[in-house]
Amino acid sequence: MITLKIGLKRIALAAGLAAASATVVAAAESVVIYNAISTKVMQAYTEAFQKANPGVTVQVVSGGSGELLTRIRAERNNPRGDLLVGPDADVFDVAIDLFESHKSPEAGAFDAAAQHKDGKYYGFSTNFQAFIVNTKMMPAAQAPKTWTDLAKPEFKGKILMANPAQSGSAYSQMQQIVKMHGWDVMEKIIANTTFVPSSKLAFQNVAKGEIPVGLTSEFNILQSKEEGFPVEAVYPADGTALIIDANGIIKGGPNPANAKKFLDYISSKSAHEILVQIDKRRSARKDVSPPPGLTPVSAIKVVPYDTVSAATERTKNLEMFDKIFSRK
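Sequential numbering from 247 applies to the sequence shown in our numbering.
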């Protein structure tokens, strides 16, 4: 497996994009993955796929969801990637014309809500956004219990969140807050919060004791807890949405046949069982059980999440975020 990482500044520049794209080596038999999931899961997928498809080289370019979408848009006239793996479904919806329809033989394993109507993406995982709390720094009784609690003065400087322009999960967090409570509350939360460039930092820095509270996907909290960190998950009592992460084929990519094979593989039951085992995520497949240790859905107040409005409002929302953030 060939692995690259990209950064926002580099993809924001056309010259940087061209240079980065040139480093993706064209192989006689290959597939190029734009990857937004953990390297551990992608490594396991790469090994299994290459074993089943000898002679095919899997090339992986890893980055945040926003970074990868920016790259795909910049390359739309000469696509260099074959698949986008792991971002929230609304990342696909906001640029659905950049993705290819594919009728996967695994389609029947997904509910209608967990796949695009024309097969432009298939569900990967489903997860809730929650608060990770370092209980050595902040007793559970003092931790925020709702999204609106994050706006309270006592939490100023005690909250960590990824930049919603760079992280799909952070964008979904912001979208939920704005839909439920409006921009006035979100503005107060922005004032209280330290922002980091990746969703990984938003939970890792809390687990390591650098700040008491972070906004993150639930599986990151379970992973941290199983690794021995003093953390607990708090699901917002005012409701949190079940977010679907997805995978799809980039239209016009250089290796369409291998792209279809890879998408079918990572949509399979065996691939989703790897996801549950390694990453502690809830699978988007109907026939794969969630990992032990996650809070049952019945114990969580679930609110709806409209991926279409999240997609259509994305530019407007990010512009508003930038405007508020610039006033900090």
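Glycine included, each C-beta is placed from N, C-alpha and C at the ideal position.
{"Query": "What did DSSP end up calling E346 once you bin it into helix, strand or coil?", "Result": "strand"}
{"Query": "What residues are listed by DSSP as bridge partners for E478?", "Result": "V379"}
{"Query": "For L540, which three-state DSSP category applies?", "Result": "coil"}
{"Query": "Quick one: residues in its chain with C-beta nearer than 6 Å to the C-beta of G498, no 5 flanking neighbours on either side, listed in chain order?", "Result": "P325"}
{"Query": "Checking 8 Å against the spacing of the C-beta atoms, do V307 and G332 come in under that value?", "Result": "no"}
{"Query": "Which two residues bound the contiguous alpha helix (DSSP H) that contains M420?", "Result": "414-438"}
{"Query": "From the DSSP output, in three-state form, read off A556 for me.", "Result": "helix"}
{"Query": "With a cut-off of 8 Å on the beta carbons, I'd call A376 and E472 a contact; round off their distance for me.", "Result": "Wrong, their Cβ atoms sit about 16 Å apart, outside the cutoff."}
{"Query": "Can you pull the DSSP bridge partners for M407?", "Result": "F441"}
{"Query": "Can you tell which of I467, L344, V522, G494 has the C-alpha that lies nearest to the C-alpha of Y481?", "Result": "I467"}
{"Query": "Could you tell me whether the stretch 414-431 touches the stretch 348-366, where touching means 3 or more Cβ pairs closer than 8 Å?", "Result": "no"}
{"Query": "Quick check: what's the CA-CA separation for S413 versus E352?", "Result": "28 Å"}
{"Query": "Could you tell me which residues DSSP pairs with R528 in its beta bridges?", "Result": "T372"}
{"Query": "Which residue marks the beginning of the beta strand (DSSP E) containing G460, and which one marks its end?", "Result": "459-463"}
{"Query": "Going straight from the alpha carbon of S418 to that of V554, what length do you get?", "Result": "12 Å"}
{"Query": "For R528 versus L509, is the C-beta spacing smaller than 8 Å?", "Result": "no"}
{"Query": "Exposed or buried, what is G403 when buried is set at 16 or more other beta-carbons lying within 10 Å of its beta-carbon?", "Result": "exposed"}
{"Query": "DSSP three-state label for D357, please.", "Result": "coil"}
{"Query": "Thinking C-beta only, is L564 closer than 8 Å to A411?", "Result": "yes"}
{"Query": "Is it buried or exposed, E194, if we count other Cβ atoms within 10 angstroms and call 16 or more buried?", "Result": "The displayed coordinates of the chain run from 247 to 574. Any statement about residue 194 would go beyond what the structure contains."}
{"Query": "Looking at G485 and I378, is the spacing between their C-beta atoms short of 8 Å?", "Result": "no"}
{"Query": "Can you list, in chain order, the residues of its chain with a C-beta nearer than 7 Å to that of V302? Leave out the 5 residues immediately preceding and following it.", "Result": "E275, S276, V277, Q296, N504"}
{"Query": "Could you pull the start and end residues of the alpha helix (DSSP H) that Y280 belongs to?", "Result": "From DSSP, Y280 is part of no alpha helix (DSSP H) but of the beta strand (DSSP E) over 276-281."}
{"Query": "Give every residue of the same chain whose Cβ lies closer than 7 Å to the Cβ of G455, excluding the five residues on either side of it in the sequence, and list them in chain order.", "Result": "N380, K382, M383"}
{"Query": "Which residue wins for smallest C-alpha separation from I457, given the options T439, A355, S445?", "Result": "T439"}
{"Query": "Hey, quick one: how far does the beta strand (DSSP E) through G494 stretch, first residue to last?", "Result": "486-496"}
{"Query": "Please identify the residue among S311, M288, R317 whose C-alpha is closest to the C-alpha of Q305.", "Result": "M288"}
{"Query": "Please state the DSSP three-state secondary structure of D581.", "Result": "The structure shown does not extend to residue 581, since the chain is modelled only from 247 through 574, so no value can be given for it."}
{"Query": "Compute the Euclidean distance between the alpha carbons of Q450 and A386, then round it to the nearest angstrom.", "Result": "18 Å"}
{"Query": "Is the beta carbon of S311 closer than 8 Å to that of L521?", "Result": "no"}
{"Query": "In chain order, what residues of the same chain have a beta carbon less than 7 Å from the beta carbon of I546, not counting five sequence neighbours either side?", "Result": "F374, Y481, T486"}
{"Query": "Between which residues of its own chain and V337 is the CB-CB distance below 6 Å, once the five residues before and five after are set aside?", "Result": "S311, L315, G414"}
{"Query": "Let me make sure I understand the geometry here. Which of A437, E519, G494, K446 has the alpha-carbon closest to that of L344?", "Result": "G494"}
{"Query": "If I'm right that A408 touches A416 with Cβ under 8 Å, what's the distance once you round it to whole angstroms?", "Result": "4 Å"}
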